[in-house]
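Asker: Reminder that position 131 of the sequence shown reads as 253 in the working numbering, one-by-one numbering, no gaps.
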Amino acid sequence: MGKMGKIMITVGLIWLLVGCIYGYNLAQLQNSFLNEMKTLTEKGDLVGFWKTFRAWKIKCILGHDHILCFSYILILTGLVMPYIRLGEALKAVLGVLLIIGAVMSPLFVLLFKYKPGMLVANVLIMAIILVYAIGALIGLVVKEESKG
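Here's what the structure looks like:
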């Protein structure tokens with residue numbers, strides 16, 4: 123396994139730990155959010171309820187879930203790196219961009235409340251995964267041809 127694969131696995135594991143710590147923090151906040159939504163429901167404050175629910179959803183789905191999922195993407199991509207038939211320099215550049223996208227996507231929402239930034243990071247991640255998938259397919263075809 124090359125250096126970039128090892129770096130991606132390491133960053134993915136660190137980012138996974140961050141996601142777990144963040145998830146623990148969310149678990150501590152869950153009761154206060156639920157109590158607040160219950161109080162708003164009893165008052166009939168539908169706008170307040172949906173604002174609170176949306177804030178919780180952003181923290182959970184757009185933050186926590188993206189941290190965990192992108193850490194898995196980094197780990198898995200690092201593991202399959204030896205099977206991707208692309209130049210080492212290209213794999214390294216794409217790896218660095220994938221790490222940046224995986225870290226910045228949830229941070230754009232959680233810290234900066236900037237969804238367009240998250241969208242750009244997510245598109246970057248999808249494009250890189252597509253290029254890596256093409257490289258893996260090329261590696262598969264080339265290996266199959268060399269056997270025959």
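Beta carbons are placed, not taken as given, at the ideal position from N, Cα and C, and that holds for glycine.
What first and last residue would you give for the alpha helix (DSSP H) that runs through TYR144?
Answerer: From DSSP, the alpha helix (DSSP H) with TYR144 extends over 125-165.
Asker: Do GLY200 and ILE250 come within 8 Å of each other at the CB atom, strictly closer than that value?
Answerer: Contact: no.
Asker: Find out if the Cβ-Cβ distance for the pair LEU184, PRO228 is shorter than 8 Å.
Answerer: Yes, they are a contact pair.
Asker: Taking the Cβ atom as the reference point for each residue, do ILE222 and VAL133 lie within a distance shorter than 8 Å?
Answerer: No, these two residues do not count as a Cβ contact at 8 Å.
Asker: If you draw a straight line from the alpha carbon of THR174 to that of CYS182, how long is it in whole angstroms?
Answerer: The alpha-carbon atoms of THR174 and CYS182 are separated by roughly 12 Å.
Asker: Would you kindly check if the distance between the Cβ of MET226 and the Cβ of MET126 is under 8 Å?
Answerer: No, these two residues do not count as a Cβ contact at 8 Å.
Asker: Helix, strand or coil for GLY209 per DSSP?
Answerer: GLY209 falls in the coil class under three-state DSSP.
Asker: Between ILE189 and TYR236, is the Cβ-Cβ spacing less than 8 Å?
Answerer: No, the pair does not count as a contact, with Cβ atoms beyond the cut-off.
Asker: What three-state label does DSSP hand PHE234 in the structure shown?
Answerer: If DSSP states are grouped into helix, strand and coil, PHE234 belongs with coil.
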